[in-house]
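Participant: Provided herewith is a single structure, encoded as structure tokens, for subsequent inquiry.
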Amino acid sequence: MRTPIYIVLLVLAGHAFGAPSLEQMLGFLKQFGRDISYPANIEAAKSINYTGFSEGRHIVGRVDVTGTFIGRELNTEYIFGLFSGLATGASTSTPLVGIPLNQTIIDLVIENNLMIVTTRRDFNFTVAVVPTVWQVKFLFNDEGIVTQYDAIVYRASALFANIWPRLRKHLIKELGLPHHTSQTMAIKIRAARDICSQHEEYCLGPNKQFESKEACMRFVLHKIPLGEIWQAGQNTTLCRYIHTPMLPLRPAVHCPHVGPTGGDMCFDHSYETLLENPFPEPFAALPNNLTLAGLAGQL
């Protein structure tokens, strides 16, 4: 007697791990939405170890415009520390990437241990409060703790094409620049002053990346491009600006990211490497505990 294909697939799927409860996943979503918003993100960043993320290096996170982060410490710093640092650090007056204020859920899908959520979130850019739309895929372990996430910002290039011209006018006045200063240069000067002042304060001794503040300014202003938002994880001024708020948290780790080499974060990636999958598991939640591997022959 021939065994039906669906029975074979169920056997191939094996014994599934216990799934987290709906209450655990919704509880995470509610708390995460609060914690990433200002001012709660300040306390979340200070923890360095966000308890909603899996311990140690058992958490992999990716944000499409910045890059991939491995481990609880890095993910805590870059998800919460970036925005809290912009709100309280060197660039308080004019954050170039904005500060998150709130969250409204637009779409929500939950199946087994997978959650896909689309949110609308306002960001404060000083010159305007601007809506953004994010989609994040979360994968949970059986205790309701996130083991991996993948986030995208919808129409990120259009967002910054909309806000940076307004920032230019504000920055020219704030920095005392000539009225004909270009948008790129006004933003680079704001970023360079923040990067280099924070480097001078926190990157000391063996963590020092530049001989002087002047050398830092020359490098940031003239040796690397500002970069577009999709290059926020490449060898650009924008990448170093994004990494600057983390300098007070762990200088030994983050000072190389703002230096000439960019450390293991701010360096150029090929298109092919940008497409590489960093996740140990697929974001898949199929009926009856089926797996992608088990369905491979049917797809």
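Under mature numbering (1 follows the signal peptide of the UniProt record, and there is no 0), residues -18 to -1, 1 to 281 are what the sequence shown spells out, in order.
In this text, a Cβ means the ideal position worked out from N, Cα and C, and glycines have one as well.
1. Where do the N-terminal and C-terminal ends of the beta strand (DSSP E) with residue 155 fall, by residue?
2. By the DSSP assignment, the beta strand (DSSP E) with residue 133 in it spans what residues?
3. With a threshold of 7 angstroms on Cβ separation, who are the neighbours of residue 154 within its own chain once the five nearest residues in sequence on each side are excluded?
4. As an exercise, report each continuous beta strand (DSSP E) stretch of at least 3 residues that is fully enclosed by the region 43 to 118, in chain order.
5. For the alpha helix (DSSP H) containing residue 263, list its first residue and its last residue.
6. Taking the alpha helix (DSSP H) that residue 174 falls in, what are its first and last residues?
7. Taking contact to mean 3 or more Cβ pairs, one atom from each stretch, closer than 8 angstroms, check whether the region 129 to 146 and the region 32 to 49 are in contact.
8. Roughly how many angstroms lie between the CA atoms of residue 208 and residue 225, to the nearest whole one?
9. Candidates 13, 138, 151 and 60: which alpha carbon is nearest residue 126's?
10. Which whole-angstrom value is the C-beta distance of residue 110 and residue 145, which I expect to be below 8 angstroms?
11. With DSSP run on the structure shown, which of helix, strand or coil describes residue 192?
12. Shortest alpha-carbon distance to residue 24 belongs to which of 274, 246 and 227?
13. For residue 76 and residue 149, which I take to be in contact (beta-carbon distance under 8 angstroms), what is that distance rounded to the nearest angstrom?
14. For residue 257, which of helix, strand or coil comes out of DSSP?
15. How many Å lie between residue 289 and residue 268 at the Cα?
16. Cβ atoms of residue 237 and residue 270: under 8 angstroms apart, would you say?
17. If you draw a straight line from the alpha carbon of residue 137 to that of residue 118, how long is it in whole angstroms?
Facilitator: For this structure:
1. Numbered from 1 along the sequence shown, position 173 holds the residue referred to as residue 155. If you look at residue 155, you'll find it isn't in any beta strand (DSSP E); it sits in the alpha helix (DSSP H) that goes 138 to 157.
2. Start at 1 with the first residue of the sequence shown, and residue 133 comes out as number 151. Element bounds for residue 133: 128 to 135.
3. As a working note, residue 154 is residue 172 in the sequence shown. Cβ neighbours of residue 154 beyond the five flanking positions: 161, 163 and 168.
4. 49 to 52, 86 to 93 and 96 to 106
5. Working through the sequence shown from its first residue, we reach residue 263 at position 281. First-last for residue 263: undefined, no H or E at that position.
6. In the sequence shown, counting from the first residue as 1, residue 174 sits at position 192. From DSSP, the alpha helix (DSSP H) with residue 174 extends over 165 to 184.
7. With a cut-off of 8 angstroms, the region 32 to 49 and the region 129 to 146 count as touching, because enough Cβ pairs lie within range.
8. Counting from one through the sequence shown, the residue named residue 208 turns up at place 226. Counting from one through the sequence shown, the residue named residue 225 turns up at place 243. Going from the Cα of residue 208 to the Cα of residue 225 covers about 14 angstroms.
9. Position 144 of the sequence shown, counted from the start, is the residue given in the question as residue 126. Nearest C-alpha to residue 126: 13.
10. For the purposes of this step, residue 110 is taken as the residue at position 128 of the sequence shown. For the purposes of this step, residue 145 is taken as the residue at position 163 of the sequence shown. Beta-carbon to beta-carbon, residue 110 and residue 145 are separated by about 7 angstroms, close enough to satisfy the 8 angstroms threshold.
11. Here the question's residue 192 lines up with position 210 in the sequence shown. DSSP places residue 192 in coil when its eight states are reduced to three.
12. Numbered from 1 along the sequence shown, position 42 holds the residue referred to as residue 24. Closest by alpha carbon: 227.
13. In the sequence shown, counting from the first residue as 1, residue 76 sits at position 94. In the sequence shown, counting from the first residue as 1, residue 149 sits at position 167. That belief holds up - the Cβ atoms of residue 76 and residue 149 are roughly 7 angstroms apart, short of 8 angstroms.
14. The sequence position of residue 257 within the sequence shown is 275, counting from 1. Correct three-state label for residue 257: coil.
15. The requested residue 289 does not occur in the structure, where the chain is confined to residues -18 to 281.
16. Taking the first residue of the sequence shown as 1, we reach residue 270 at position 288. Taking the first residue of the sequence shown as 1, we reach residue 237 at position 255. No; because the gap between Cβ atoms is not below 8 angstroms, this pair is not in contact.
17. Translated into positions along the sequence shown, residue 137 becomes position 155. Translated into positions along the sequence shown, residue 118 becomes position 136. In a straight line, the C-alpha of residue 137 is about 14 angstroms away from that of residue 118.
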